[in-house]
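Contents: one structure, followed by commentary.
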Amino acid sequence: MVLQESGEMYLETIYVLSHKKKFVRAIDIGAEMGVTRPSVSRAVHLLEEGGFLSIEESSGITLTELGQELAAKIYERHLVMTQYFISLGVDAETASNDACRIEHVISDESFAAVKRHMATMK
Numbered sequence: 074m075v076l077q078e079s080g081e082m083y084l085e086t087i088y089v090l091s092h093k094k095k096f097v098r099a100i101d102i103g104a105e106m107g108v109t110r111p112s113v114s115r116a117v118h119l120l121e122e123g124g125f126l127s128i129e130e131s132s133g134i135t136l137t138e139l140g141q142e143l144a145a146k147i148y149e150r151h152l153v154m155t156q157y158f159i160s161l162g163v164d165a166e167t168a169s170n171d172a173c174r175i176e177h178v179i180s181d182e183s184f185a186a187v188k189r190h191m192a193t194m195k
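If you want it as structure tokens, here you go:
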């Protein structure tokens with residue numbers, strides 16, 4: 074199943090929240106993303122059907138292995154692209170916002186090239 078950008082954003086948000094909180098709930102996701110509870114509910118159920126996460130009353134919303142892998146990949150792209158733009162002199166907020174858009178469309182090849190370039194800059 075190929076996810077659209079919005080699905081990837083939900084996975085990334087759940088990934089980040091799961092590193093901050095013991096339990097991730099729909100209300101947490103909505104607050105973090107600035108979306109309504111019905112929007113979160115619909116997205117979460119679609120992601121569950123796609124095998125990206127599971128929903129349990131006792132443990133909240135958790136990423137499956139598939140969801141974890143994809144979310145980690147997206148988040149890494151966000152972090153690296155943000156740092157790349159900052160290294161070019163872009164302010165942190167703009168860099169993060171631009172990275173958020175690019176992380177969903179950049180090819181694996183181009184991202185690998187950016188990572189290699191960043192590694193040589195350190």
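Residue numbering for the sequence shown follows this note's numbering, starting at 74 and increasing by one per position.
For each residue, glycine too, the CB sits at the ideal point set by N, CA and C.
What you are looking at is a predicted structure, and each value in this text was computed from that prediction instead of being measured.
{"Check": "Going straight from the alpha carbon of Gly162 to that of Gly80, what length do you get?", "Outcome": "30 Å"}
{"Check": "For Ile100, count neighbouring C-beta atoms within 10 Å of its own C-beta (all shown protein chains included) and say buried if the count is 16 or more, exposed if not.", "Outcome": "exposed"}
{"Check": "Rounded to the nearest angstrom, what separates Leu143 and Glu182 at their Cα positions?", "Outcome": "17 Å"}
{"Check": "To the nearest angstrom, how far is it from the Cα of Ala168 to the Cα of Ile87?", "Outcome": "21 Å"}
{"Check": "Starting from Val97, follow its DSSP beta bridges and name the residues at the other end.", "Outcome": "Gly133"}
{"Check": "How would you write the range of the alpha helix (DSSP H) that Lys195 sits in, first residue to last?", "Outcome": "Segment: none, Lys195 is in no alpha helix (DSSP H) and carries neither H nor E."}
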